[in-house]
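For the sequence shown, numbering that gives the first Met the number 0 gives the first residue as 0, with consecutive numbering after it.
By construction, the Cβ of each residue, glycine as well, lies at the ideal position given by its N, Cα and C atoms.
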Amino acid sequence: MRILIFSLLFVFAFATYGQQQLILLKRGEVVARFEQGDNIKCKLRNGKVKEGMALRYTEVSVILRGDTIMFSDIYKIYAKGKRKADFRQKAGTVLMIGGVGYFAIDMVNTLFFVEGQSGIDEGVAITAGSLAAVGAALTFIRSPYMKVRGLSIRMITPESRFYRYE
0 MRILIFSLLF VFAFATYGQQ QLILLKRGEV VARFEQGDNI KCKLRNGKVK EGMALRYTEV
60 SVILRGDTIM FSDIYKIYAK GKRKADFRQK AGTVLMIGGV GYFAIDMVNT LFFVEGQSGI
120 DEGVAITAGS LAAVGAALTF IRSPYMKVRG LSIRMITPES RFYRYE
């Protein structure tokens with residue numbers, strides 16, 4: 000029984016070791032990462048859109064189920080949920096939380112500490128609404144596609160310094 004468990008563990012460890020990843024690099028930093036089995040959607044230079052599950056990555060192409068996409072043909076790649084938040088998104092989140100928090104703090108202050116005033120203060124409502132609206136715009140208005148111009152597309156193996164185990 001021990002031999003069977005050890006051999007199964009060895010087989011699964013070997014299968015995990017061979018996983019390849021597709022990364023998009025910008026100035027030596029990983030911008031987006033795709034693994035085998037991920038759904039990949041690309042806009043090509045000729046205007047067509049190709050989508051499918053990535054079966055394998057080679058040095059020059061992505062092999063999808065029933066199709067192959069060359070790296071040189073890719074114009075944009077759908078990277079929603081694959082890339083890190085940039086400064087715009089982080090600042091937008093802070094502004095949105097700040098606007099809602101400012102409104103909530105003013106409501107608590109008015110309710111418990113200010114006598115003779117009831118309702119919403121107009122200046123606070125305008126300021127808090129503006130903060131929340133600008134924050135929402137910065138957070139949520141972002142194209143899910145990344146242009147490949149200026150990026151390096153690479154297939155990496157576990158020996159690469161960019162490889163990430165999950």
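query                                                                                               : result
Residue span of the beta strand (DSSP E) that contains Y144, given as start and end                 : Y144 to K146
Counterpart residues of K49 in DSSP-defined beta bridges                                            : C41
8 angstroms Cβ cutoff met for L63 and M154                                                          : no
Cβ pair count under 8 angstroms reaching 3, the segment 50-70 against the segment 144-163           : yes
For M154, three-class secondary structure by DSSP                                                   : strand
Limits of the unbroken alpha helix (DSSP H) element including E121                                  : E121 to F139
F102 burial status per 10 Å Cβ neighbour count (16 or more: buried)                                 : buried
Coarse secondary structure for K89, derived from DSSP in three states                               : helix
Member of L54, L137 and I104 whose CA lies at the smallest distance from the CA of T92              : L137
Helix, strand or coil at M0 [DSSP, three-state]                                                     : coil
Close beta carbons around A31, own chain, < 8 angstroms, minus the five adjacent residues each side : I22, L23, I76, A78, K81, R82 and M145
As assigned by DSSP and simplified to three states, the class of S60                                : strand
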